[in-house]
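Number of protein chains: 2
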Amino acid sequence: MKMVTMMKNIKLKVARAEHDLSQEELAKRVGVSRQTIGLIELGKYNPTLSLCKSICKALSRTLDELFWDED
Amino acid sequence: MKMVTMMKNIKLKVARAEHDLSQEELAKRVGVSRQTIGLIELGKYNPTLSLCKSICKALSRTLDELFWDED
DNA sequence: GCTTTTTGCAATATATAAATTGCAAAAATA
DNA sequence: TATTTTTGCAATTTATATATTGCAAAAAGC
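Top line first, the protein sequences correspond to chains C and L. Residue numbering for the first sequence follows this note's numbering, beginning at 1 and increasing consecutively. Residue numbering for the second sequence follows this note's numbering, beginning at 72 and increasing consecutively.
Structure (structure tokens):
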């Protein structure tokens with residue numbers, strides 16, 4: 001059982017706001033459920049790399065810009 | 072059923088070589104099995120974000136450096 | 001204030017990441 | 001070339017990412 005204490009992903013929330021997308025709209029573009037996007041923003045879990053990349057492309061950002069926390 | 076055609080991760084293989092680590096040694100540092108590392112290098116699956124980050128830290132690289140392919 | 005949209009939450013179901021073991025081939029080193 | 005180390009592969013099991021539905025609370029718009 002792995003206790004994963006993750007941080008909220010504010011950068012994702014901001015980037016989504018900049019594109020004026022709801023969680024549901026982003027989810028549709030990326031091909032996942034709304035809940036998945038919501039939980040990632042809340043830091044309540046651990047997406048796969050391919051999903052991270054899809055989100056990055058939908059929001060024209062890179063992995064470092066949305067998912068890398070400086071040390 | 073999702074057909075995932077992924078590319079081999081050469082950048083990871085190179086970074087690991089630069090640190091003179093075997094797949095097994097890297098796996099141990101990162102806390103996963105050797106197979107997991109091997110399959111990621113072979114592009115045969117889709118690691119989680121937290122694993123990608125662990126690998127990055129073990130090899131002192133960022134997500135973009137190891138896992139982002141320039142469009 | 002009322003209505004609509006957006007977000008959080010919870011429970012259950014399904015798909016797939018990752019573990020484990022064992023073996024064979026390849027690569028490295030003596 | 002013989003020995004050791006490293007890597008690939010396959011089958012089975014376990015943990016967890018993601019889907020789905022439904023509901024309630026908050027936020028945004030009227």
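Glycine included, each C-beta is placed from N, C-alpha and C at the ideal position. Quantities reported herein were computed from a predicted structural model and do not represent experimental measurements.
Residue 64(C) at chain L interface by Cβ criterion, 8 Å: It does: the Cβ of residue 64(C) has a partner Cβ on chain L nearer than 8 Å.
Please report how far the alpha carbon of residue 3(C) lies from the alpha carbon of residue 34(C), in whole angstroms. Low confidence applies to residue 3(C): its pLDDT is 49, below 50, so where it sits in the model is not reliable, and the reading given next is rough at best. Taking the straight line from one Cα to the other gives about 24 Å.
Taking residue 119(L) and residue 127(L) to be in contact with their CB atoms under 8 Å, please state how far apart those CB atoms are, rounded to whole angstroms. In fact, because the Cβ distance is near 13 Å, the residues do not count as touching under 8 Å.
How is the alpha helix (DSSP H) around residue 63(C) delimited, first residue to last? Its alpha helix (DSSP H) spans residues 63–67.
Roughly how many whole angstroms lie between the Cα atoms of residue 130(L) and residue 86(L)? Rounded to whole angstroms, residue 130(L) to residue 86(L) spans 7 Å at the Cα level.
Identify the residues that DSSP records as bridge partners of residue 48(C): which are they? Looking at the DSSP output, residue 48(C) sits in a beta bridge with 119(L).
What does the Cβ neighbour count give for residue 42(C), buried or exposed, with the cut at 16 atoms within 10 Å? Looking at its Cβ environment, which holds fewer than 16 other Cβ atoms inside 10 Å, residue 42(C) is exposed.
Contacts of residue 49(C) in chain L (Cβ-Cβ under 8 Å): Within chain L, the residues near residue 49(C) are 117, 118, 119, 120, 123 and 138.
Residues in its own chain within less than 7 Å of residue 9(C) by CB, not counting five upstream and five downstream? If we look at residue 9(C) and ignore the five residues flanking it on each side, its Cβ neighbours are 40, 41 and 43.
Please state whether DSSP places residue 114(L) in a helix, a strand or coil. It is coil, neither helix nor strand.
Which of helix, strand or coil DSSP assigns to residue 7(C): Assignment of residue 7(C) by DSSP, reduced to helix, strand and coil, places it in the coil class.
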